[in-house]
Ligand SMILES: Nc1ncnc2c1ncn2[C@@H]1O[C@H](COP(=O)(O)OP(=O)(O)OP(=O)(O)O)[C@@H](O)[C@H]1O
Ligand SMILES: [Mg+2]
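Protein chains in written order, with my numbering: chain H, 1 to 366; chain C, 367 to 732.
Rendered as structure tokens:
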């Protein structure tokens, strides 16, 4: 079953309508085999719908997807044994125990008894569920459920894993373990498509696609995405962040301004030659002391740049910049971001990310 | 081979879920017992002690004897003796009594001459049960001291046999009840079988496994066949011990007929399950099938007495055919080969419903 196809998933103008709503709009995807590919996008942007089309649960309204060399819509039955799918909402049997659920999945995939037992034991310990074998799945905590669901999804050793927000309820430490597991799988040749709202997860992916209202607005490695966005990012550390926020909010050239505790991140169009000067001058005029630096865009900056700013078109440089938009964008991609991880200490998370940035992503990238 | 393994996997899962579901489990045993008690006893038990009054204008030895006999039968309790037939009517009108007995002053003469009715029963006919009671009262023999009584008694005995509901109902009801209970439980159990997976969110997982529609349907049916047979055994055993209903024909033939009938109901339930959008809808549809089954199948009313349209509808219902089969085998000791048409009808029904259910079940979300 080892396949040497270059792309595990290729989609062309993949489109899905629900009545008049275009949930997925002409999406092209090329997902290389053996990589972890991230799907980033706010609520309702079409992540789940795309994943469902890729595993043959929904027929595309237009376009097509080739998955592991097969047509996702036509050959969906042949794909069932080769794809592992973890649904966004828990879909195992709540009235069965952890062990019974895994046993059922093993049986339905016709894995021979001895091998099945071996795998169940292995998965239970790998996903920290040993000792909970007899607990009803319905009584597990959210994070435990998601670990169980992942175990169930990889039980039959699929070549391709489609994970729809697999860690939305997993705590940071378990999330780290969870991702370690994904990297292990990827090293063994499994292709993984994972949708997420978490920036720290997105940055771990080899490649990312950002979806916004059904449209793929950006695609590439986190590094490449950061280089390609049309803005400079200036980080401001001010004693009085509120005042700085107010002052910078008046500057038309600053197209996006986001606040993180005592820090601010401002985005200024690439065409502007001296972004630091603009920010520095604005702060001086307001009499605010601050430390300012240009920084490499992180995923949230990228996300804001490609989604929030997309709809406002190119920035008019000559006229000195009519304010295109100066939103006080909440830090966080989507509302659900705020819901799921409101209390995460931003600064430490940020530093983490920087580490990841220089480390893993680039190592494991091309 | 793998197909069998997958069917077994579904069965295994169904049985496990069933064993956790106390309500369903209770229904398997509780439903037949409750129905037996309700139908068996309620219909079997005599109506007793209806309030009554009488007017005895004859006041002869014979008339006093008759009143005493009527009272002794305990069907009615004579609360009072009134002076005129007019008073009886007034009491009846006021709802004070359900039955009035009016004995005219020439009662003895009328009995001997038999040219006119010897006495009048005034009955509140709005309640059919009371009407039935009156008919039973009319069957009470007049006891003569003279030899003429022999002839009289014989004639009355005929009437009495005709109206004796006891023997007839219990014997007829118990085998009929097998069909009613099986219809109720079997259709209900499977009608929620698929839609429950949908409602609980398990379907998205299930349709991403290699299980085929046919395998899923068979896996969901087989456990309930066993349950149906348990119910059959329970009803017949209670019928024999409590209601003294013997099985005249072959037990194997009872089993065979029931098996086909159970499969017909399970298939119908599955079909409902693939149509219904929620468990509640499934139950409504089950009820929609159940009502005509009870009313038209010959369980409640004699089949021959129904209008042609009702008979035509009844021919489509599995219960109609099963009633003929089970009553034939259990009560008349008939051989199943004499009722091959009904067996064939059940077989065709099963095949059609199952095929439709399998065709309707779609391993897609759209
Ligand atoms: N079966 C359906 N019928 C009608 N509309 C649908 C259906 N499924 C999805 N949609 C709509 O399609 C859009 C995309 O939904 P989708 O579930 O793909 O979003 P998502 O990116 O997964 O969002 P989230 O992050 O909240 O999970 C939404 O506007 C949703 O309301
Ligand atoms: Mg989703």
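For glycine and all other residues, C-beta sits at the position ideal for the given N, C-alpha and C.
task: Check each residue of the region 43-58 of chain H: if its Cβ is closer than 9 angstroms to any Cβ of chain C, include it; give the result in chain order.
output: 52, 55, 56, 57 and 58
field: Contact set, ligand 2 heavy atom to C-beta under 7 angstroms
entry: 47(H), 48(H), 88(H), 164(H), 165(H) and 195(H)
message: 8 angstroms is my cut-off, CB to CB: does residue 225(H) come that close to chain C?
response: Cβ-Cβ to chain C under 8 angstroms: no for residue 225(H).
Distance CB(residue 267(H))-CB(residue 294(H)) smaller than 8 angstroms: no
- request: List the residues of chain H whose Cβ lies closer than 9 angstroms to the Cβ of residue 588(C), in chain order.
  value: In chain order: nothing, as chain H lies at least about 15 angstroms away.
query: Taking 7 angstroms as the cut-off, is the CB of residue 45(H) close to at least one heavy atom of ligand 1?
result: yes
query: Just to confirm, does residue 642(C) get its C-beta within under 7 angstroms of one of the non-hydrogen atoms of ligand 1?
result: No, ligand 1 has no heavy atom inside 7 angstroms of this Cβ.
query: Can a CB atom of chain H be found closer than 8 angstroms to the CB of residue 371(C)?
result: yes
query: Between which two residues does the alpha helix (DSSP H) harbouring residue 590(C) extend?
result: Where residue 590(C) is concerned, the enclosing alpha helix (DSSP H) stretches over 579-607.
query: Would residue 731(C) count as contacting chain H if we go by Cβ distances under 8 angstroms?
result: By this cut-off, residue 731(C) is an interface position.
- prompt: How far does the alpha helix (DSSP H) with residue 368(C) in it reach, from first residue to last?
  reply: 368-386
Within chain H, the residues that residue 571(C) reaches when beta carbons sit closer than 7 angstroms: Within chain H, the residues whose beta carbon sits less than 7 angstroms from that of residue 571(C) are 87, 91 and 92, listed in sequence order.
message: At a cut-off of 7 angstroms, would you count residue 37(H) as near ligand 1, judging by its Cβ distance to the nearest heavy atom?
response: no
- request: Give the interface partners of residue 110(H) over in chain C, defined as CB-CB distance under 7 angstroms, in chain order.
  value: 368, 371 and 372
field: Contact with chain C by residue 81(H), beta-carbon distance below 8 angstroms
entry: Between residue 81(H) and chain C, the shortest Cβ-Cβ separation is below 8 angstroms.
query: If you run the structure through DSSP and keep just helix, strand and coil, what is residue 220(H)?
result: strand
- prompt: Taking just the CA atoms, how far does residue 637(C) sit from residue 557(C)?
  reply: 7 angstroms
task: Can you give me the start and stop residues for the alpha helix (DSSP H) that residue 123(H) sits inside?
output: 113-126 is the span of the alpha helix (DSSP H), which, as asked, contains residue 123(H).
- request: Would you check if there are 3 or more beta carbon pairs closer than 8 angstroms linking the region 681-694 of chain C to the region 660-669 of chain C?
  value: Judged by pairs of C-beta atoms under 8 angstroms, the region 681-694 of chain C touches the region 660-669 of chain C, as three or more such pairs exist.
message: For a quick check, are the C-beta atoms of residue 190(H) and residue 148(H) less than 8 angstroms apart?
response: no
Given residue 81(H) as reference, the closest of 200(H), 168(H), 233(H) and 155(H) once Cα atoms are compared: Per the Cα distances, 155(H).
message: Strictly under 8 angstroms for the Cβ-Cβ distance: is residue 615(C) near chain H by that measure?
response: no
- prompt: Since residue 95(H) meets chain B, which of its residues come closer than 7 angstroms, beta carbon to beta carbon?
  reply: Included in the structure are the protein chains H and C, with no chain B among them.
field: Extent of the continuous alpha helix (DSSP H) to which residue 658(C) belongs
entry: 645-662
- request: Assign residue 654(C) to one of two classes, buried (16 or more other C-beta atoms within 10 Å of its C-beta) or exposed (fewer than that).
  value: exposed
query: Counting Cβ pairs, one atom from each stretch, are 3 or more of them under 8 angstroms apart for the region 59-71 of chain H and the region 171-181 of chain H?
result: no
- prompt: DSSP state of residue 424(C), grouped into three classes?
  reply: coil
task: Reducing DSSP to helix, strand and coil, say where residue 547(C) ends up.
output: Residue 547(C) sits in a helix when the DSSP states are folded into three classes.
- prompt: For residue 86(H), does the three-state DSSP call read helix, strand or coil?
  reply: Residue 86(H) carries a strand assignment under DSSP once its states are collapsed to helix, strand and coil.
- prompt: At what residue ranges does the region 180-218 of chain H contain a whole run of the beta strand (DSSP E), taking only runs of 3 or more?
  reply: 191-196 and 207-212
- prompt: Taking 7 angstroms as the cut-off, is the CB of residue 169(H) close to at least one heavy atom of ligand 1?
  reply: no
task: Could you say which of 290(H), 286(H), 265(H) and 253(H) lies nearest to residue 273(H) if we only look at CA atoms?
output: 253(H)
- request: Would you check whether ligand 1 has a heavy atom nearer than 7 angstroms to the C-beta of residue 208(H)?
  value: no
- prompt: Taking DSSP as the reference, what is the three-state secondary structure of residue 42(H)?
  reply: Coil at residue 42(H), not helix or strand.
Option nearest residue 137(H) by Cα separation, candidates 383(C), 594(C) and 446(C): 383(C)
Cβ neighbours of residue 411(C) in the same chain (closer than 7 angstroms, five flanking residues each side left out): Per-residue confidence for residue 411(C) stands at a pLDDT of 43, beneath the threshold of 50, marking its modelled position as unreliable; the derived number appears in the next sentence. Closer than 7 angstroms at Cβ, skipping near neighbours: no residue.
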